[in-house]
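First comes the structure, then the notes that go with it.
In the UniProt record's numbering, the protein residues as written are 1 to 503.
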């Protein structure tokens with residue numbers, strides 16, 4: 001009798017697995033069939049789709065570079081299958097204009113789950129970047145916009161200058177022309193201190209402290225977010241090393257939110273007591289949060305979501321772009337000379353960068369624009385189709401996720417001649433309009449709220465560094481980039497030898 005029960009149980013188990021296998025088979029077959037008319041790279045694994053191909057490509061360099069090749073080979077529209085999901089890649093500026101400037105095309109929730117939480121720990125939650133409810137997002141954006149207005153940012157020039165000067169003073173003891181300095185690491189600490197001070201009134205010494213907790217926590221959290229997309233099966237792994245990694249990511253996410261929670265609670269107490277508090281982003285949010293009509297229960301944890309969102313976005317991307325800028329300047333000495341001449345002319349020997357100086361730095365603006373074209377902070381945007389859509393002659397089904405390749409469009413020869421060449425003055429020439437091909441901060445209503453903040457920060461930091469120091473790139477380092485986290489960063493971190501400038 002017992003033997004019969006075992007056999008019966010095994011039969012049920014085999015039958016269940018058979019139904020699961022058949023279900024997967026028919027689902028994958030159906031999904032691939034509805035996109036069969038759209039070109040795709042080869043080879044294509046039946047179950048995993050292009051995931052093995054991605055892993056193979058990643059061994060030889062960034063996947064984003066390979067996507068540029070695929071767009072040349074397959075055309076402006078092609079699809080990528082990743083296990084059960086299909087993504088439509090679009091390199092057409094006319095379609096991009098439609099997708100990014102009209103509010104009916106929303107972000108894909110599936111593509112943002114890895115930002116909201118990681119392995120069971122809350123990260124960005126429903127912060128401004130990852131909020132998927134469009135009506136709620138619009139109310140939040142309207143609330144936060146004044147905190148990033150130019151008039152408000154004018155009051156932050158002291159902090160931009162003081163933090164940049166602090167970095168220069170930190171680098172001076174290393175300016176013997178022989179000490180190898182990884183500028184990416186220096187910029188990560190700098191941008192952490194800037195966003196901490198101007199955003200949340202934090203007084204932590206981060207620039208001179210490589211062991212600062214925030215500098216340790218944020219990379220781990222970003223790495224965890226990245227692994228959700230690049231290793232989708234990792235969450236199911238029971239391997240000891242994977243369990244340990246997921247535990248570390250959760251711990252880092254919990255701790256960085258705890259830092260934000262303590263910072264917010266301390267400010268709330270100070271406001272209740274009537275103490276004098278910094279007029280920073282945090283104070284503004286706390287004072288105006290009661291105006292979020294229609295948003296129920298905007299509480300402490302929602303504020304923590306915004307803390308992590310602003311801190312993450314304000315640190316990682318800015319540090320990477322500053323590093324890429326220094327790399328391009330090091331490889332193009334004629335550009336460096338022209339830029340330094342402009343800085344000397346505008347500042348006239350002053351060490352303080354006024355707000356009025358920022359607008360006079362025309363060539364610096366071009367340098368930063370060109371850096372952002374070649375090395376944008378992120379590689380892609382996405383939008384969800386609310387209806388079937390004709391994209392470059394292909395019928396794309398309702399519910400499809402269309403990916404807009406920021407990196408790929410910056411390499412599009414139709415809009416940028418000699419796209420691999422670092423040429424800041426290309427933006428002054430009468431070439432084909434790159435309006436909807438150039439989008440380092442996205443376009444439309446959901447463009448980056450902090451882009452003006454970031455450009456001012458870029459300019460002050462670059463001015464202070466170039467005015468006082470000379471940078472020579474360490475020979476034989478790589479000029480490639482890596483996709484270690486959700487952003488692109490220099491593979492070797494912009495290694496430099498530093499000397500004092502003879503003025």
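Ideal Cβ positions, reconstructed from N, Cα and C, are used throughout, including at glycine.
Residue range 451 to 468 is occupied by the alpha helix (DSSP H) that includes residue 459.
The segment 286 to 342 contains no complete beta strand (DSSP E) run of 3 or more residues.
Residue 274 has its alpha-carbon roughly 45 Å from the corresponding atom of residue 379. Secondary structure of residue 352 (DSSP, three-state): coil. When the Cα atoms are used, residue 163 and residue 193 turn out to be separated by approximately 7 Å.
The DSSP-derived three-state label of residue 36 is coil.
Residue 277 is a Cβ neighbour of residue 270, given a cutoff of 8 Å. Around the beta-carbon of residue 305, 16 or more other beta-carbon atoms lie within 10 Å, marking it buried. For the pair residue 318 and residue 454, the Cα-to-Cα distance works out to about 7 Å.
Under a 10 Å Cβ-count criterion, residue 142 is classified as exposed, with fewer than 16 other Cβ atoms of the shown protein chains found around its own Cβ. For residue 499, the pairing in a beta bridge is given by DSSP as 176, 470. In this chain, the beta strand (DSSP E) harbouring residue 380 covers 380 to 384. Taking 4 residues as the shortest admissible run, the segment 188 to 266 contains the following complete alpha helix (DSSP H) segments, listed from N- to C-terminal end: 213 to 230. Excluding its 5 nearest sequence neighbours in each direction, residue 82 has C-beta neighbours in its own chain below 7 Å: 49, 50, 51, listed in chain order.
Collapsing the DSSP output to three states places residue 429 in coil. Collapsing the DSSP output to three states places residue 359 in a helix. Taking the Cα positions, residue 386 is about 7 Å away from residue 105.
For residue 15 and residue 311, the gap between their C-alpha atoms comes out near 51 Å. Taken through DSSP and simplified to helix, strand or coil, residue 395 comes out as strand. Annotation for residue 487: no beta strand (DSSP E) segment contains it, and DSSP assigns it neither H nor E.
Rounded to whole angstroms, the separation of the alpha carbons of residue 90 and residue 365 is 28 Å. The residues 452, 453, 456, in chain order, have a CB closer than 7 Å to that of residue 153 in the same chain once the five nearest residues on each side in sequence are set aside.
Only exposed fits residue 210, as fewer than 16 other CB atoms lie within 10 angstroms of its CB. Non-local beta-carbon contacts of residue 119 in its own chain, meaning distances under 7 Å to residues more than five positions away in sequence, involve 224, 235, 246, 249, 250 in chain order.
In the three-state DSSP reduction, residue 117 falls in the strand class (E or B). Assignment of residue 152 by DSSP, reduced to helix, strand and coil, places it in the helix class. Distances from the CA of residue 38 to each of 53, 87, 103 were compared; the closest alpha carbon is that of 87. Judged by DSSP in its simplified three-state form, residue 11 adopts helix. One alpha carbon belongs to residue 447, the other to residue 242, and they sit about 35 Å apart. Contact check for residue 92 against residue 76 passes: the beta carbons are separated by less than 8 Å. Between residue 496 and residue 183, the CB-CB gap stays under 8 Å.
When DSSP states are grouped into helix, strand and coil, residue 128 belongs to the coil group.
If you draw a straight line from the Cα of residue 70 to the Cα of residue 262, it is about 48 Å long. Counting along the chain, residue 78 sits inside the beta strand (DSSP E) bounded by residues 77 to 82. DSSP, read as helix, strand or coil, puts residue 408 in helix. Distances from the CA of residue 359 to each of 459, 333, 36, 323 were compared; the closest alpha carbon is that of 459.
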